[in-house]
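Student: Chains as they are written, first to last, in my numbering: chain A, 5 to 345; chain B, 5 to 345; chain C, 5 to 345; chain D, 5 to 345. Below you'll find the structure I mean.
4 protein chains.
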Amino acid sequence: MIIVLKPNTSKEQLILFKASLEEKYNVTVNTWVGVESTVLGLIGDTTQIDEDWISAQEIVESVKRVQEPYKKANRKFHPDNTVIELPTGQKIGDGNLCIMAGPCSVESEEQINYVAERVKSAGAAFLRGGAFKPRTSPYSFQGLKSEGLDLLKGARKATGLPIVTEIMSSAHIDMFEGIDIIQVGARNMQNFELLKQLGKIDKPILLKRGLANTIEEWIMSAEYIMAGGNNKVILCERGIRTYETATRNTLDLSAVPVVKKLCHLPVIVDPSHATGKSWLVEQMSLAAVAAGADGLMIEVHNDPKHALSDGAQSLTPDKFDEVARKVFALKKAYDEIMSNG
Amino acid sequence: MIIVLKPNTSKEQLILFKASLEEKYNVTVNTWVGVESTVLGLIGDTTQIDEDWISAQEIVESVKRVQEPYKKANRKFHPDNTVIELPTGQKIGDGNLCIMAGPCSVESEEQINYVAERVKSAGAAFLRGGAFKPRTSPYSFQGLKSEGLDLLKGARKATGLPIVTEIMSSAHIDMFEGIDIIQVGARNMQNFELLKQLGKIDKPILLKRGLANTIEEWIMSAEYIMAGGNNKVILCERGIRTYETATRNTLDLSAVPVVKKLCHLPVIVDPSHATGKSWLVEQMSLAAVAAGADGLMIEVHNDPKHALSDGAQSLTPDKFDEVARKVFALKKAYDEIMSNG
Amino acid sequence: MIIVLKPNTSKEQLILFKASLEEKYNVTVNTWVGVESTVLGLIGDTTQIDEDWISAQEIVESVKRVQEPYKKANRKFHPDNTVIELPTGQKIGDGNLCIMAGPCSVESEEQINYVAERVKSAGAAFLRGGAFKPRTSPYSFQGLKSEGLDLLKGARKATGLPIVTEIMSSAHIDMFEGIDIIQVGARNMQNFELLKQLGKIDKPILLKRGLANTIEEWIMSAEYIMAGGNNKVILCERGIRTYETATRNTLDLSAVPVVKKLCHLPVIVDPSHATGKSWLVEQMSLAAVAAGADGLMIEVHNDPKHALSDGAQSLTPDKFDEVARKVFALKKAYDEIMSNG
Amino acid sequence: MIIVLKPNTSKEQLILFKASLEEKYNVTVNTWVGVESTVLGLIGDTTQIDEDWISAQEIVESVKRVQEPYKKANRKFHPDNTVIELPTGQKIGDGNLCIMAGPCSVESEEQINYVAERVKSAGAAFLRGGAFKPRTSPYSFQGLKSEGLDLLKGARKATGLPIVTEIMSSAHIDMFEGIDIIQVGARNMQNFELLKQLGKIDKPILLKRGLANTIEEWIMSAEYIMAGGNNKVILCERGIRTYETATRNTLDLSAVPVVKKLCHLPVIVDPSHATGKSWLVEQMSLAAVAAGADGLMIEVHNDPKHALSDGAQSLTPDKFDEVARKVFALKKAYDEIMSNG
């Protein structure tokens with residue numbers, strides 16, 4: 005961490021400030037006195053240093069981190085890719101393309117079982133489906149809740165596909181015991197109390213990027229989970245909010261290679277929520293594969309025009325067959341191209 | 005709600021769609037057949053209609069809401085300003101400028117009592133202070149938690165100032181029983197489970213605008229609380245995330261008159277979090293008054309440079325004296341000017 | 005165009021308004037009178053109707069376009085892809101991947117000739133290079149100007165590669181006579197006087213998307229050029245401005261399929277300016293191919309660390325060889341996958 | 005400027021890089037060698053140093069400016085406020101509130117003369133009106149052009165009000181000789197060729213902030229004009245583009261005190277374009293005064309519902325009378341409050 009002091013800082017202020025830094029944060033402080041300004045360089049573990057506290061000091065002009073503020077999620081300290089393996093053997097981040105597919109909302113046994121069969125036969129490795137639904141309006145369908153979780157488990161039993169579903173409150177954690185992967189939605193990415201609770205359990209967490217969150221904040225939310233002891237975090241890019249209205253959100257595919265450089269966790273992409281339009285899902289799925297994503301999360305509904313939520317962005321099972329065929333083919337070509345350097 | 009159908013919609017499709025709308029949503033559907041497109045107009049209570057569902061229909065070109073999607077928060081159905089009154093008599097939204105001031109975090113008894121005395125003598129009507137702190141990093145100070153709540157109550161006892169403090173999880177609601185106003189932070193504005201729980205209690209809720217949330221989404225989150233039966237919601241604009249980096253966030257003061265046109269709830273402004281810089285607080289507080297805000301939430305710390313969080317944006321008690329004096333004077337002038345039409 | 009009138013509109017106001025619409029814009033107006041509101045539907049060519057004018061009418065609640073505001077660029081009226089062909093035979097938009105590569109700035113004869121040879125041998129179809137440089141600071145290198153144009157022509161002569169270079173003022177158009185493709189930079193996307201002048205010449209125009217411009221505004225700027233008579237417009241996505249700071253801009257790859265649905269012009273992608281980081285160029289080039297782009301614009305510099313501008317995002321010729329090899333291989337695989345449907 | 009080098013930088017690389025910096029930019033380079041990284045501090049005039057060039061160096065980890073990249077516009081080197089005085093005596097930035105008012109577009113002699121009389125009698129110091137109109141659509145009204153300039157001069161003759169009008173191309177500069185203040189619109193804020201030409205003339209330039217431009221970029225565009233020798237620049241905040249759609253743009257009032265801290269030029273605010281809605285103009289004008297603005301630019305039209313452009317945001321002359329009365333009254337109160345400190 006580099007701290008630039010104001011030009012008029014006195015010698016006494018400098019000595020006191022250095023002493024307080026060394027004591028408070030257990031770092032070594034090097035000083036470089038220039039003509040117009042004095043610069044301090046902090047050596048040691050600076051992840052716990054509060055930039056706000058530094059900035060608030062009267063003598064400080066500006067602060068600059070050299071190290072990232074995260075440790076456990078940082079690729080520097082964990083150069084290998086994290087591969088997340090389920091007790092049932094499925095892997096995420098092992099180089100294969102992992103597809104999680106299913107309806108936005110679980111609606112009925114018939115629906116979820118049918119969709120599960122179809123996405124399985126198309127090559128999906130996981131069944132996704134919402135039981136607790138975050139909806140902008142209190143008057144919209146809020147999900148089947150615990151009944152929805154049971155239906156998901158039924159579909160798992162029928163197909164063998166492990167299930168991914170969203171949690172909306174730390175008060176619900178017990179209900180999610182039988183779930184394979186717990187999803188944290190974009191709106192809860194900085195629900196820190198929830199993240200802390202998820203850090204205490206031993207189950208993969210799929211952490212979606214918040215609508216207005218930087219990549220650094222996103223990795224910091226993964227760090228929250230990991231700081232609690234749970235290292236099984238999967239990151240999911242799902243579009244950020246911009247001024248553009250032609251798509252629901254703006255899919256930030258450059259986030260995939262950026263996260264992979266900074267962090268060792270797997271990164272998947274959700275083109276359905278990112279674009280909000282079913283006709284864009286195929287193209288953006290292909291683009292996500294070529295951007296290096298470890299997987300895709302895609303909404304598939306037996307009957308999108310009767311879906312209780314987000315029908316506009318869901319694929320039919322037939323269209324999903326086609327998309328899956330294309331993305332697996334592109335992934336194969338991509339891997340060959342990349343391995344030939 | 006206006007629905008534009010695709011040019012090639014058949015008569016049969018039209019009849020079926022109209023019937024399903026009338027049945028599903030209990031609305032009357034008027035049809036207007038043009039040369040290039042057919043337009044449907046839905047009459048009745050359309051707040052419960054799911055735009056996503058409409059958009060997903062094969063024959064639908066586009067949808068446009070004419071009515072706002074909120075009812076209880078809607079000024080159309082509640083033309084008078086809501087005035088929120090505490091059992092202890094303080095009012096918010098009654099035409100007076102209500103200032104809530106205090107430290108970002110409660111740090112000690114001495115600190116909170118001293119700041120409480122100072123902000124009270126400067127004219128603040130409420131003491132604010134964080135006991136549970138949402139922090140981007142798991143390694144930053146997370147607040148004194150229940151101990152912090154007790155210290156706030158102590159400061160209330162000493163000064164008579166009612167207290168405002170942030171809740172971070174619905175699991176904590178019981179702990180907040182003795183708190184006067186419960187704050188929902190920007191990062192939890194769409195923590196719908198928390199909003200639902202807060203709808204069930206009888207206590208004012210201060211709802212901060214999310215960093216990337218539209219005014220409509222913000223009012224919809226108020227609607228969540230109100231739909232549960234709690235009409236005591238205070239909205240707080242605290243800056244939105246944009247590309248500008250000179251300030252922490254971009255304070256959207258036009259949100260004040262826009263919300264006041266659409267909604268009958270009181271609106272206050274937090275210039276401290278919006279700008280992130282103590283030297284901007286005075287100027288933006290004055291601007292907020294002239295934008296028509298019902299109140300201000302301002303961070304005041306006895307010793308900003310030793311504050312455990314957000315010191316960079318806190319005022320000293322002496323500076324707060326000056327700011328309060330100026331904003332009350334401007335409010336007085338503003339009221340005179342506005343009442344003379 | 006659908007116009008929703010305010011509930012309290014009188015019969016007289018309605019009649020007058022309809023008459024003024026029909027007279028002013030030569031459209032037919034259909035009226036649909038509902039219980040709570042009256043809706044007007046305008047039939048005819050509405051591209052010339054000014055939404056601002058409509059919105060300003062006292063009796064208007066809101067306006068909604070059903071048709072896009074552009075005609076010449078609209079795929080509805082021109083279903084086939086536009087293929088732009090140069091007199092020297094090169095084509096853009098014909099299904100092949102067209103790569104335009106070269107340095108940000110032309111710096112010397114030796115430099116531009118060397119880079120031209122290298123990008124040609126790697127498979128680039130065009131040489132790009134800046135002679136007039138838009139720079140945020142007046143103290144930064146502003147380009148070699150007309151000398152730079154001459155050096156580009158020299159490199160064309162040496163290699164046969166047609167050249168693409170940026171114009172910054174309509175006053176310079178004469179100087180660009182010998183240039184093959186004239187580029188309009190992101191900062192000039194809404195320099196309407198320049199667009200009008202470029203509409204009068206017979207030469208392909210590469211129109212970059214503005215940093216804060218919607219896809220609709222971007223196509224409208226193409227329409228400006230086309231309205232003047234020049235239909236040879238190539239669109240180039242180069243990242244939009246968001247709150248994310250890990251990349252220089254946020255590359256909006258979903259813009260590629262969205263533009264292709266709305267508009268018949270070729271779309272290329274510039275991953276160099278979009279990301280601002282050379283290590284991201286390969287990955288985002290591959291993603292752009294899989295998003296369906298017609299081409300790529302890539303910065304290549306013989307010696308990025310001595311480049312006079314934008315060195316941080318330039319590839320070395322050796323790295324460009326590798327990137328080109330990979331993107332052509334991926335394009336081949338992509339085409340096979342897509343043609344097998 | 006502080007440059008952090010990569011951990012593995014060799015001694016030779018360090019020596020060569022320092023030498024190249026000192027030679028290229030005529031600065032002194034101080035070195036501070038830490039355990040994990042080496043930091044360079046550059047002393048001297050760093051405004052001409054290209055951050056891109058620095059970042060492109062292989063051994064550079066990151067760069068941080070300590071000094072602002074602008075000189076002539078920098079308050080550090082010019083602590084007093086710049087007051088711009090016209091030959092006819094009007095001043096901007098002298099502590100009084102300067103109002104520029106008039107129609108978006110000049111439409112006829114009768115219109116402009118009538119509006120000019122009305123805004124004059126309400127207290128406006130300048131008449132604004134567009135003769136060259138930047139319009140998103142080529143099919144929208146583009147302004148009366150030189151005829152419009154003549155009408156403006158006629159209105160000036162009739163009322164004595166100096167005139168402010170927008171230029172759209174450096175090719176038009178000669179036509180603007182008789183204009184008092186030349187406006188550069190938001191879309192041309194980084195039309196650097198135009199800025200350079202305006203730097204050569206001796207006339208105040210009103211520079212609007214671009215829709216997606218940071219405050220630093222805005223001041224840099226002022227620096228372009230000043231670098232050419234013309235120091236008479238007035239900055240105008242007019243809203244930035246964000247995701248919010250309730251207003252046309254988001255008015256960034258915190259930009260007023262931020263610019264005033266960094267820069268000595270006058271800053272005015274345009275609430276009409278910022279909000280796009282006439283009913284928000286009064287409230288945001290008052291807020292702008294309380295934010296410390298030196299002036300306001302307000303659209304006034306004799307008949308907004310028949311205006312040829314931007315009618316939705318124009319005030320009637322009667323409403324403008326009221327707004328002007330209120331803002332002058334608030335300005336008076338504000339000045340008294342601020343001078344009593």
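Glycine included, C-beta positions come from ideal geometry on N, C-alpha and C.
Using alpha carbons as the reference points, say which of 6/B, 69/B and 144/B lies closest to residue 314/B.
Tutor: With distances taken between Cα atoms, residue 314/B lies closest to 144/B.
Student: To the nearest angstrom, how far is the alpha carbon of residue 23/A from that of residue 245/B?
Tutor: Taking the straight line from one Cα to the other gives about 36 Å.
Student: With a threshold of 7 Å on Cβ separation, who are the neighbours of residue 331/D within its own chain once the five nearest residues in sequence on each side are excluded?
Tutor: Excluding residues within five positions, the ones whose Cβ falls inside 7 Å are 101, 289, 290, 293 and 300.
Student: Starting from residue 109/D, follow its DSSP beta bridges and name the residues at the other end.
Tutor: 134/D.
Student: Roughly how many angstroms lie between the CA atoms of residue 210/A and residue 139/A, to the nearest whole one?
Tutor: Looking at the two C-alpha atoms, the distance is approximately 19 Å.
Student: Could you work out which residue in 155/D, 78/D and 126/D is closest to residue 115/D when comparing CA atoms only?
Tutor: Closest by alpha carbon: 155/D.
Student: I need the straight-line Cα distance from residue 311/A to residue 111/A, nearest angstrom please.
Tutor: Rounded to the nearest angstrom, the two C-alpha atoms are 8 Å apart.
Student: Is the CB of residue 339/B under 8 Å away from at least one CB in chain F?
Tutor: No chain F is present in this structure, whose protein chains are A, B, C and D.
Student: Output, in sequence order along the chain, the residues in the segment 67–86 of chain A whose CB is closer than 7 Å to any CB in chain D.
Tutor: From the segment 67–86 of chain A, only 68 and 70 have a Cβ closer than 7 Å to chain D.
Student: Opposite residue 36/B in the DSSP bridges: which residues?
Tutor: Answer is 43/B, bridged to residue 36/B.
Student: Mind listing which residues of the segment 160–178 of chain B have their C-beta closer than 7 Å to chain A's C-betas, in chain order?
Tutor: The residues in question are 172, 173, 174 and 175.
Student: If you measure beta-carbon to beta-carbon, which residues of the segment 311–340 of chain D are closer than 9 Å to chain C?
Tutor: Hits within the stretch, in order: 311, 312, 313, 314, 315, 316, 317 and 318.
Student: Check whether the Cβ atoms of residue 279/B and residue 251/B lie closer than 8 Å to each other.
Tutor: In contact: residue 279/B and residue 251/B (Cβ atoms closer than 8 Å).
Student: Any beta carbon of chain A sitting closer than 8 Å to that of residue 140/D?
Tutor: Not closer than 8 Å to any Cβ of chain A, the Cβ of residue 140/D fails to qualify, so no.
Student: Going along chain D, which residues have a C-beta under 9 Å from residue 244/B?
Tutor: The answer, in chain order, is 246, 247, 248 and 254.
Student: So, with DSSP's three-state summary, where would you put residue 209/B?
Tutor: Strand, per DSSP.
Student: Is it right to say residue 81/C is buried, meaning 16 or more other beta carbons lie within 10 angstroms of its own, or is it exposed?
Tutor: Per the 10 Å Cβ criterion, exposed.
Student: With respect to the alpha helix (DSSP H) encompassing residue 170/A, which residues constitute its N-terminal and C-terminal limits?
Tutor: Residue 170/A -> not in any alpha helix (DSSP H); beta strand (DSSP E) instead, spanning 167–171.
Student: Quick check: is the beta carbon of residue 195/A nearer than 8 Å to any beta carbon in chain B?
Tutor: Closer than 8 Å: yes.
Student: Please name the residue or residues paired with residue 366/D in a DSSP beta bridge.
Tutor: Because residue 366/D is not part of the residues shown, which for chain D are 5 to 345, the question remains open.
Student: Taking one C-beta from the segment 14–32 of chain C and one from the segment 77–95 of chain C each time, how about it: are there three or more such pairs within less than 8 Å?
Tutor: No, they do not touch.
Student: Report the rounded CA-to-CA distance for residue 120/A versus residue 321/A, giving the unit in angstroms.
Tutor: Roughly 10 Å separates the two Cα atoms.
Student: Is the beta carbon of residue 232/D less than 8 Å from the beta carbon of residue 265/D?
Tutor: No, the Cβ-Cβ distance between residue 232/D and residue 265/D is not below 8 Å.
Student: Give the C-beta separation of residue 32/B and residue 47/B to the nearest angstrom, bearing in mind that I take them to be a contact with Cβ-Cβ under 8 Å.
Tutor: Contact flag correct, Cβ pair sits at about 4 Å.
Student: For residue 89/A, which of helix, strand or coil comes out of DSSP?
Tutor: Looking at residue 89/A - three-state DSSP - the assignment turns out to be strand.
Student: Let me know the beta strand (DSSP E) ranges lying completely inside the segment 221–292 of chain B, each 3 residues or longer, listed in chain order.
Tutor: Counting whole runs of 3 or more residues, the segment 221–292 of chain B contains the beta strand (DSSP E) stretches 237–241 and 271–273.
Student: Buried or exposed for residue 92/B, please, with buried defined as at least 16 other CB atoms from any protein chain shown within 10 angstroms of its CB.
Tutor: Its Cβ having fewer than 16 others within 10 Å, residue 92/B is exposed.
Student: Comparing alpha-carbon positions, which option in 257/C, 71/C and 336/C lies nearest residue 284/A?
Tutor: Nearest C-alpha to residue 284/A: 257/C.
Student: Check residue 181/B in the structure and name its three-state DSSP category.
Tutor: Reduced to three states, the DSSP call for residue 181/B is coil.
Student: Consider the Cβ of residue 220/D: report whether some Cβ of chain A lies at a distance smaller than 8 Å.
Tutor: So, not an interface residue.
Student: Per DSSP, residue 6/D is paired with what?
Tutor: Looking at the DSSP assignment, residue 6/D forms a beta bridge with 45/D and 68/D.
Student: Determine the contact status of residue 128/C and residue 230/C, defining contact as a CB-CB distance below 8 Å.
Tutor: No.
Student: Could you give the DSSP three-state label for residue 31/B: helix, strand or coil?
Tutor: Residue state, collapsed to three classes: coil.
Student: Give the residues from the segment 273–307 of chain D that approach chain B closer than 7 Å (Cβ to any Cβ), ordered along the chain.
Tutor: Under the 7 Å Cβ criterion, the segment 273–307 of chain D contributes 279, 284, 287, 288, 290, 291, 293, 294, 295 and 296.
Student: Within 8 Å of any Cβ in chain A, is that where the Cβ of residue 257/C sits?
Tutor: Yes, its Cβ sits closer than 8 Å to a Cβ of chain A.
Student: So with CB distances below 8 Å, who are the chain C contacts of residue 262/A?
Tutor: Residues of chain C passing the Cβ test: 250, 251 and 284.
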